[in-house]
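Below is one structure, written out as structure tokens; the observations come after it.
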Amino acid sequence: MVKTVLKLTAAALVAVSCAQYRAPVFSWEKFGMDGHRVGAGVPGVDNVEKALGVCSDGAYTAPNGRVFTEGSTPAVARAMIEVQPAMARVKQVVGTSSAKLSKRRPESELSNWAVDVLTSQTESLLGRKVDFGICNFGGIRTDMPEGEVILDDIESMFPFKNYLCYVKLKGSTVKEIFDWMAENGVECVSRVKLVVEDRKVKELLIGGEPLDPDREYGLATINFLLDGGDDLFLAKDAIELVQSDILVMDAIMNDVRARRKEGRRLEYCTDGRVEYINSDGK
């Protein structure tokens, strides 16, 4: 389902904020298990007993044969083992990555992949002509691991319930957005060539063409950035706004599944789409 708002004016967007409120900051980090104490490892879908051991009659037998009957260990082990069937869905292997991919500014393989997928998915799923895309680095929470990639890896990368959006903007408004990002920090961009010098836009190409302030442009983005998320107001002065109910996670998984079906790995590249000169690359 797609919700469409046509000829949206700035007055139609009402920002509700509280200066005293500070949203909590969360971070994700993955740790390996070396099993040096009891031989426990990370269980998959079909190797729970081998990886975690077994519980019976109040005792816990670890993978290396060590038996625990006292303290909290048996109860903790039982809880870990019993939850595994419910976790089977997120342990499905959904793809293979050639190398570990991490996000970094001003661009990276991981961030370029994410914003390019969201841009193309917005265009195809919402049926609008998209000229460029913007999403935020903060929406990508973990790295892409090397080797087998499970559903949990992808869900951990994109855990927030953000939705695909299309915004039609006049070129002069687009210029304001990139001027702001040049000064305050460029987010993930697609179909754009941007050169920033001394925190000012030196060069801006969209679809390989210089920005035309009088032309209308189609932007693919997410609802979080429409009205103040990460200090961006991408729906300000919008000519047209389409807010969908398509989650970022679902859009990303469309690409992941397509790659797996076609036998392609989860890999990407940088292409120099954002360049800093005499700037700190914030």
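To convert, count from 1 in the sequence shown and add 1437; that's the numbering used here.
Every residue, glycine too, gets a C-beta built ideally from N, C-alpha and C.
{"Item": "Which one of I1714, C1706, R1701 has the shortest CA to CA distance from T1533?", "Value": "R1701"}
{"Item": "Return the chain-ordered list of same chain residues with a C-beta closer than 7 Å to the C-beta of T1506, the five sequence neighbours on each side being excluded.", "Value": "G1495, A1496"}
{"Item": "Which residues does DSSP list as the beta-bridge partners of C1602?", "Value": "T1658, Q1680"}
{"Item": "Can you give me the C-alpha to C-alpha distance between Q1680 and M1686, rounded to a whole angstrom?", "Value": "16 Å"}
{"Item": "Assuming contact is defined by CB atoms lying nearer than 8 Å, are L1547 and C1572 in contact in what I supplied?", "Value": "no"}
{"Item": "Could you tell me how far apart the beta carbons of A1432 and G1570 are, in whole angstroms, since I believe they sit closer than 8 Å?", "Value": "As displayed, the chain neither begins before 1438 nor continues past 1719, which places residue 1432 out of reach and without an answer."}
{"Item": "Identify the continuous beta strand (DSSP E) that holds E1634 and give its terminal residues.", "Value": "1629-1634"}
{"Item": "I'd like to know if the segment 1561-1568 and the segment 1514-1521 are in contact, where contact means that at least 3 CB-CB pairs between them fall below 8 Å.", "Value": "no"}
{"Item": "With 16 other CB atoms within 10 Å as the buried threshold, where does S1627 fall?", "Value": "buried"}
{"Item": "Taking the alpha carbon of K1630 as the reference point, which residue from N1621, L1648, W1617 has its own alpha carbon closest?", "Value": "L1648"}
{"Item": "What does DSSP give as the partner residues of K1487 in its beta bridges?", "Value": "According to DSSP, K1487 bridges with nothing at all."}
{"Item": "Tell me the rounded alpha-carbon separation between Y1603 and D1616.", "Value": "21 Å"}
{"Item": "Determine the direct distance from the alpha carbon of E1712 to that of C1706, and round the result to whole angstroms.", "Value": "15 Å"}
{"Item": "Applying the criterion that 16 or more other CB atoms from any shown protein chain within 10 Å of the CB defines a buried residue, is D1708 buried or exposed?", "Value": "exposed"}
{"Item": "Would you tell me roughly how many angstroms separate the C-alpha atoms of E1634 and N1621, rounded to the nearest one?", "Value": "13 Å"}
{"Item": "In this structure, how does DSSP classify P1480 when only helix, strand and coil are distinguished?", "Value": "coil"}
{"Item": "Around the C-beta of Q1529, are 16 or more other C-beta atoms found within 10 angstroms, so that it is buried, or is it exposed?", "Value": "exposed"}
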